[in-house]
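Chains as they are written, first to last, in my numbering: chain A, 5 to 388; chain B, 2 to 345; chain C, 653 to 1176. All C-beta atoms in this analysis are idealised placements derived from N, C-alpha and C, irrespective of residue type, glycine included.
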Amino acid sequence: MELKYFILRRSLVIIPTLMGLTVITFILLWGLGPELIYRGINSSPKVNIPLSQQALILSQNGFSAAVVNGKLVFTNPIGMYFNFVSDLFRGNWGYIIGQPLTAPTLQAIEFYFPNTIQLAVGATVMALLIAMPLGTYIGARPNSASDQVGRIFSLSGYALPAFWLGLVLIVLFGNNGTAGFGNGTSGNTPVGIIPYLNIFPYFGNGTEFLSTTAPKGFFSSTFGQTLPTHIFLIDSLIAGKLNYFVIALAHMVLPVATVTYGVLAGILRFIRAGMVDASGQEFVKTARAKGVPEGQVIKKHIRKNALLPTVTVLGLLISGLLGGVVTVEIVFNYKGIGWLAVQAALNYQAWGILAITFLFGIILMVTNLIVDVVYAFMDPRIRY
Amino acid sequence: MVEDVIGTDLLDIQGEKSYHPRTEQLLATARSFLSYKASVVGLVITAIYFIFALVDWVYPAILGIPAATFNNMTTYSPFAIGTISGGINNDGIFRPGLAHGFPYLLGGTIFNFPLLLGMIASLRFDIGYSVLVVFTGAAIGSSVGVIAGYLGRWADELLMRLTDIFFSIPFLILIIAFSLAFTSFFNSSLTAMIVALIIVWWPTYARLSRSLALSTKSLNYVEAATAAGSSKTRNIFYHVFPNVLSPIFVQISLDLGSVILIFATLAFLGVAGSQISNYTFPELGQLISSGSSTFQTTFTGVHLGTPVIWWPIIIPGIFLLIFTVSINLFGDGLRDALDPRLRK
Amino acid sequence: MEQNVMLNQEESQLSVEGLKVRFFTSKGIVKAIDNLSFSIRKGESYGLVGESGSGKSVTATSVMDLIPDPPGRIIRGKIFINGYNILNDLDRLVTIRIRKPTDVRIKRRKRLMKRHNYIMSGIRGDRVAMIFQEPFLSLNPVMTIGDQIREAILLHSRVEIANSIIKRETLNEDDVSKIADTLMAQPDNFTRKKLIVRVCSQYAIPELAKLFIDLFENSTDKEFITKELLSLVNTKKTGLSLEELEEARNYFLLMDRKHDLSLRLLEAEKQENEKLAEKLHLQIRAINQQLRSDYLVYSLKRRFLRRFIDKPFVEYATGRTLELLMQVNIAGPERVIDAYPHELSGGMLQRCMIAMAFSSNPQILIADEPTTALDVTTQAQILDLMREVNKTYNTSIFFITHDLAVIAEMCDRVGVIYGGNLVEEASVKEIFYNAKHPYTTGLMNAIPKAERRYEKTARLESIPGSVPNLIDPPTGCRFHPRCKFRMDVCSEKKPKLVEIEKEHKVACFLYSDEVENEIEEEVP
Ligand SMILES: Nc1ncnc2c1ncn2[C@@H]1O[C@H](COP(=O)(O)OP(=O)(O)OP(=O)(O)O)[C@@H](O)[C@H]1O
Ligand code: SF4
Ligand SMILES: [Mg+2]
């Protein structure tokens, strides 16, 4: 009951932030200028028409523009803002024309998003799977040799550029084939300099060789049926194509490893600090005095308390994760929305940039909300 | 009793010099910092990088880097000088070693420019602009933060909501978007990028200094000063700022490393704007990126079994890593030394 | 541990001999406890008083072997709990090399420490239980009170629980009628009631006790009673599989046996009885073997399906928790059992702590200033509760406080500690009316004359000077810098704690010339 109210209240706090997000997006739009916006105003904008006509078309779409000194400029920001916001929430996100593809922005995002989910979720799961036991182990032994190793590891996680780590992994283990794991098998060219270990494909997510570049019906054309998730790992399983699953898995190894490394360092550091902090508290002594065996003291009493502060910084880590995803998608040519964002920026696709900025903001806001709710769920003291 | 007084007096005359309390505190901090060996190493390496960056800026000829136009960073390109021998070609790039003289110790870049010199030349941009970004961001952020924290109420609330918004977008995307949006306004992609970075960076400092200001506000002596009729401005300058300063410095040292990483990342992604995203621009991320391009063109299924050109990728990365690790170690040590509770 | 030789006085439940505790800090070695000896008899309530920082808490935590390490370590001494020395393997656990007081290297033998911890975890909470000073900090904030008490219950009496559940499940008509017979045969209601409660908890149906009592009060017809009893009992049967329960019981039996054997092995090793040690070792190996083969599936299930496997036990423990909470006079135990610590008041929490401590009927209860954080009325209630427990279960209580009024109320005998040394020990009466040691008399004079209890505590402040720095403690008698009766010898030699009257020990040169050898021995 109380939790429900808490969630409701916490959701309401989102509103000002959401408004701020729309303002920032609008400032971006203003900065990008009418010319770039016009380029994606509809599915086939006429470029070789006089500026005054362009201004007219812009105005018809809610962007009050005018020609001043032979240049297109925006006018009336207030009215435009409201038009823009309503467009944003209705999903009128303009068009991406030309590079990297031609499609309505929303559809392009829909198309690339599942890949990013696959990568981000994979990395988060891996990071948590590694960080929980490792952080518990290290945190229970502060200042031991393993703690020092852990410290260096976390430090390197902060200091390593993700893109470079990705490249190093390719140089060591990569192969540029399109098949699954394998070394020297047909279509796989070893790139990695470690003999026999250059078995991980580094290009894309494995769907590349399925030919077709058409956004919609992409999966159906391959599997002969429409698949529900558009996440290659899962769809291949649903379709019962184990060989595709292996291919998908092989393509995930290097990108996930790269993203995981950066996130892991942060989580590890926080879990360790939480563990050290919690183990100094009185209730740990009580637990020991009860006769709780040492292993249980660590897992049941200390870790449970140590995870609380870790949860609070999860939002920050997710932000880092999304940034890492962008870089890694470029390094591995892995076509997710991070890749799309960079391609849009490189090709001055104003709508793509606006949409993705907005989208990332929403994602982060929602994850922060979830994190807060999880925290409230975990810490009985928070409910009010 | 009397003897005691005489004793202490004598001690004062002969004994060690005593300093102003602030100086004493500084000395204690320095002593504490020097006891963390790893951090001292970090400081030394960081200092070496900074010195190289400075020399490169002032008089690059000492370093053997071809002279260039000093005032315009964008035309400053050692790679453009006619040392290109092989181009993007496996045979034309020297391997690491002393066979081709000391500058080629670490091999050549894809244009077969000496990698070592290329990396040193990059420091000028990387370190110089990181310092610019971080210090500007810190100055703006901490001023805003201190004032908001000290005034409290609506100013505080406003700041929190404002920073909330900035924190609600992953910073890499925000930087990319901002730098693109500002390019036409500033007429320079480099300026746009720097401004974007500052915009993204100040909220961190605002938050940090706000919370510090809040906690100093309730310190006894600040309250006492307020009660004694000390004005708000005076309080902020004399009491709140000095207390905020040291954590801010720690944050600055840590952030210098992060901003360099972002420069490198942006350059690698190619979104840093046309002035930088150019294989001849001396920037570490750019160096790595160009290195990786060799490697990608070499291996699209053509050169089966040929040795990989790994050095233009790996070596600049390690060079960058050494700097970021060092400055992180330095920052960690600084934090521990400045925090009396953590002091040994 | 009946096999173990009872040392010292026959009736001593807890005895500490020559305890030395050190904290190795960056500023130097804190000599927190020096050569401390005392013993507590069965059913006795022993108080330890002293100023803040005199080493009371360190003594108490030493008894549980819970000194935080690092920085602290017990470096010498014996602590007998029920005749078993828990510091048996002390010398072998670590090697301490002191280069400089600020540079101490401690080498820990991980395997031995692990075994030591294993053995201690079976003793802590089972035979000795402890209550701490700060109830707010001493309970885990993210676990419910019920969970924390249940945990304590399920740690130590699993075999008994399994047995009583099995008994309940196999209860048949014959048994019930026998029970009815015995209950009917009781001479009066009071003894019957008592028996009913006992029987009910034996058969894991504690919640039926009340109904049973009503039944016997309202009827004397045997047939009717038997029928009613049977139907009542049948409602409580859950139809659990007997095999599973028995497997669990046997598994716990084995675990207990293993613990027992390990304990004896340690003792045998200490006495260098190699033959016995070898034998015990083999037995432990056999148990481990059995656990790995016969109980493999069960232990896997315990690891991964704990929630289902332990369900009957948790249910039982919940019943017992309610019972315990009622025993410590908590209003609305059903609500408290699901509450988190932050939702309760300090007094309630301290009651919960006591309930937790009593979950396995310990023979010794250590209470480290259990009432200091509480207000005066609550304080009195908690003290009453502890006294009651002391009387009914004949539990020994080791009571620590700096409040002499509380000592007067609670304790049979008192030890006075100063700077990590016991300076006087006598019965309460003696201490209050015939204190010998200058420090003790100072403490007595510090009590406000009228019992001004609303001041919360009679703080011991009127002795000039302050507690010594234990890194560089004063030479000789630790108290000499503050002592009015200081003599020359006092700063040179350390007085020994000697019995100057019957049951009255003092360490002071005013009463005896005996000197304690004060050599800072090389630590192991
Ligand atoms: N973790 C520790 N590290 C260093 N020294 C310690 C530590 N714990 C206790 N000590 C030292 O041991 C001495 C005894 O402390 P202890 O906590 O037993 O005092 P106390 O008699 O319980 O006082 P109080 O009435 O305040 O609880 C103190 O001088 C203290 O400095
Ligand atoms: S031994 Fe000496 S200093 Fe110590 S208490 Fe007795 S008289 Fe005082
Ligand atoms: Mg204490």
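Would you say residue i reaches chain C, if we count a Cβ-Cβ gap shorter than 8 Å as a contact?
| i | result |
| --- | --- |
| Lys289(A) | yes |
| Val296(A) | yes |
| Ala293(A) | yes |
| Gln285(A) | yes |
| Lys303(A) | no |
Classify residue i as helix, strand or coil using the three-state DSSP reduction.
| i | result |
| --- | --- |
| Asp743(C) | helix |
| His1156(C) | strand |
| Lys289(A) | helix |
| Thr192(B) | helix |
| Val668(C) | strand |
| Gly120(A) | Here the sequence assigns Thr to residue 120(A), which means Gly is not the residue at that position. The answer is helix: DSSP assigns Thr120(A) an H, G or I state. |
| Ser327(B) | helix |
| Tyr206(A) | coil |
| Tyr37(B) | coil |
| Phe48(B) | The sequence shown places Ala at residue 48(B), not Phe. Three-state DSSP puts Ala48(B) in a helix. |
| Glu995(C) | helix |
| Leu346(B) | No statement about residue 346(B) is possible, as the shown extent of chain B runs from 2 to 345 and does not include it. |
| Ser1164(C) | coil |
| Ser169(B) | coil |
| Gly1069(C) | A quick correction: the sequence has Ile, not Gly, at residue 1069(C). Strand, per DSSP. |
| Pro964(C) | helix |
| Pro115(B) | strand |
Could you please give me the residues that DSSP links to residue i through a beta bridge?
| i | result |
| --- | --- |
| Met782(C) | Ile1018(C) |
| Ile685(C) | Val673(C) |
| His755(C) | The sequence as given places Asp at residue 755(C); His does not occur at that position. Partner(s): Lys752(C). |
| Tyr1091(C) | In the DSSP output, where bridge partners are listed per residue, Tyr1091(C) has none listed. |
| Asn981(C) | Paired residues: none, contrary to the question. |
| Ala1057(C) | Answer by DSSP bridge pairing: none, since Ala1057(C) is not bridged. |
| Ala107(A) | Ile100(A) |
Check whether chain A comes within 8 Å of residue i, counting only Cβ atoms and requiring the distance to be less than that.
| i | result |
| --- | --- |
| Ala265(B) | yes |
| Gly998(C) | no |
| Leu262(B) | yes |
| Ser790(C) | yes |
| Pro793(C) | yes |
| Arg208(B) | no |
| Ser704(C) | no |
| Leu700(C) | no |
| Asn236(B) | no |
Does any CB atom of chain B fall closer than 8 Å to the CB of residue i?
| i | result |
| --- | --- |
| Ile121(A) | no |
| Leu7(A) | no |
| Phe274(A) | no |
| Leu32(A) | yes |
| Met389(A) | In the structure displayed, chain A extends from 5 to 388; residue 389(A) sits before or after that span and is not available. |
| Trp168(A) | yes |
| Met382(A) | no |
| Ser160(A) | yes |
Can you confirm whether the stretch 263-278 of chain A touches the stretch 142-159 of chain A when touching is taken to mean that 3 or more C-beta pairs between the two stretches lie within less than 8 Å?
Verdict: yes, contact present.
Using 8 Å as the threshold, is the stretch 192-210 of chain B in touch with the stretch 36-44 of chain A, meaning 3 or more CB pairs across them?
Flag = no, the stretch 192-210 of chain B and the stretch 36-44 of chain A do not touch.
Do the stretch 738-751 of chain C and the stretch 260-275 of chain A make contact, defined as three or more Cβ pairs closer than 8 Å?
No contact exists between the stretch 738-751 of chain C and the stretch 260-275 of chain A.
On the three-pair Cβ rule with 8 Å, is the stretch 23-34 of chain A touching the stretch 158-170 of chain B?
Under the 8 Å Cβ criterion, the stretch 23-34 of chain A counts as touching the stretch 158-170 of chain B, having at least three qualifying pairs.
Counting pairs of beta carbons, one from the stretch 366-379 of chain A and one from the stretch 6-22 of chain A, are three or more of them closer than 8 Å?
Yes, since at least three Cβ pairs between the stretch 366-379 of chain A and the stretch 6-22 of chain A fall closer than 8 Å, the two stretches touch.
Cβ contact check for the stretch 1058-1070 of chain C and the stretch 693-700 of chain C: 3 or more pairs under 8 Å
A contact exists between the stretch 1058-1070 of chain C and the stretch 693-700 of chain C.
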